[in-house]
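K.L.:
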Amino acid sequence: MANTTSTIELKVELDDNRIPEKLLWTAEDGGINNEEAKAMLLSVWDSKAQETLRIDLWTKDMPVDEMKLFFHQTLVAMSDTFHRATQDEKMTATMKDFCDYFAEKLELKK
Numbered sequence: 009m010a011n012t013t014s015t016i017e018l019k020v021e022l023d024d025n026r027i028p029e030k031l032l033w034t035a036e037d038g039g040i041n042n043e044e045a046k047a048m049l050l051s052v053w054d055s056k057a058q059e060t061l062r063i064d065l066w067t068k069d070m071p072v073d074e075m076k077l078f079f080h081q082t083l084v085a086m087s088d089t090f091h092r093a094t095q096d097e098k099m100t101a102t103m104k105d106f107c108d109y110f111a112e113k114l115e116l117k118k
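Taking our numbering, the leading residue of the sequence shown gets 9, the next gets one more, and so forth.
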């Protein structure tokens, strides 16, 4: 059986002050080719150091209201991923409760 490789590519266009102006991403296996995004959060687990390495970027024209929605949806997705990875029902419910609280405090529409 042959090994398969899949590539995800991120391009960040910076202004003169090295502030992201444009974020582009490609994931050919998913049918994505140089699609524009306004923000990205990337976490990578370093098993040797037992720590998370992160890249958090957003363009300077990312609206604050969209950033709040982005964070809420990311937290909900992380709750779902946590459940799939651990099957921990109790903590997943606690995380979902926090997501609801987060949305309520920011007055986000569901």
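Note that the Cβ used here is the ideal one computed from N, Cα and C, for glycine as well.
1. Anyone know if the C-beta pair for PRO28 and TRP66 falls short of 9 Å?
2. Output needed for GLU21: all residues of its chain with C-beta closer than 6 Å, excluding positions within five of it in sequence on either side, in chain order.
3. Sort ILE40, HIS91, LYS46 by Cα distance to LYS104 and report the nearest one.
4. Of all the options TRP33, LEU61, ASN42, which has the alpha carbon lying nearest to the alpha carbon of MET48?
5. Where in the region 79-117 do unbroken runs of the alpha helix (DSSP H), each at least 4 residues long, occur, reported from the N-terminal end onward?
6. Name the two residues that bound the continuous beta strand (DSSP E) containing ASN42.
P.N.:
By the coordinates alone:
1. yes
2. GLU29, LYS30
3. HIS91
4. TRP33
5. 97-113
6. 40-45
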